[in-house]
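Below is one structure; the comments refer to it alone.
Numbering (the numbering used here), first residue to last: 410 to 584.
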């Protein structure tokens, strides 16, 4: 099954593209959301995403144990859409002993993806295009997301970079 990775900055159009590709698949969709509504701004973002999605899509909210959710919901007649990988990473970075948890979760994801019965669309923020952050946590986030995206790009059939709503295929079949 196809594994797609869509990267881009904030408000680049990556989530809209992922949703469009999921709709065009003609399959049932399970939308796996990793965001947590801990403040008003994030609640607003989540609401905008919910309003944009078809109501018949299945929604699964999972902030940390992504691989177990993917394994549970994978079916040949269903596309899995994960939005977003960098929020998933952020959730893990805020846990005690995050390094062990992150290494385990990342390893499980990378091993699981090629074995899934479902096509999967992964969405992540490209954070490595700016300056190196000053704080330890911010640097860890940028480093770990960059390494995650590199590792994912190796196992993905298609990798797309989105800027200003314009997708550019970096790997795989053109749109």
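The beta-carbon is built from N, C-alpha and C at its ideal position, and this holds for glycine as well.
Pairing residue 491 with residue 547, the inter-Cα distance amounts to about 23 Å. Under the three-state reduction of DSSP, residue 470 is assigned to strand.
Sequence-distant partners of residue 445 (beyond 5 residues in either direction) whose C-beta falls short of 6 Å from its own C-beta, in its chain, are 472. Counting C-beta pairs closer than 8 Å gives fewer than three between the region 455–469 and the region 506–515, which falls short of the contact rule. Judged by DSSP in its simplified three-state form, residue 560 adopts helix. A straight line joining the alpha-carbon of residue 524 with that of residue 479 spans about 11 Å.
Distances from the CA of residue 502 to each of 489, 551, 539 and 536 were compared; the closest alpha carbon is that of 551. Taking all protein chains shown into account, residue 465 has fewer than 16 neighbouring C-beta atoms within 10 Å of its C-beta and is therefore exposed.
For residue 475, the enclosing alpha helix (DSSP H) has its first and last residue at 475–482. Ranking 542, 568, 448 and 519 by CA distance to the CA of residue 560 puts 519 first. Judged by DSSP secondary structure, residue 427 falls outside any beta strand (DSSP E) and instead within the alpha helix (DSSP H) spanning 423–433. Around the CB of residue 522, 16 or more other CB atoms lie within 10 Å, so the residue is classed as buried. Counting along the chain, the unbroken beta strand (DSSP E) around residue 413 starts and ends at 412–417.
Rounded to whole angstroms, residue 459 and residue 427 show a C-alpha spacing of 14 Å.
For residue 439, the enclosing beta strand (DSSP E) begins and ends at 437–442. Shortest Cα-Cα distance from residue 440 to any of 529, 564, 571 and 489 involves 489. Apart from the 5 residues on each side of it in sequence, residue 564 sits with its Cβ closer than 8 Å to the Cβ of 412, 519, 522 and 523 in its chain, given in chain order. Here residue 517 has 476 as same chain residues with Cβ atoms under 7 Å from its own Cβ, once five neighbours each way along the sequence are excluded.
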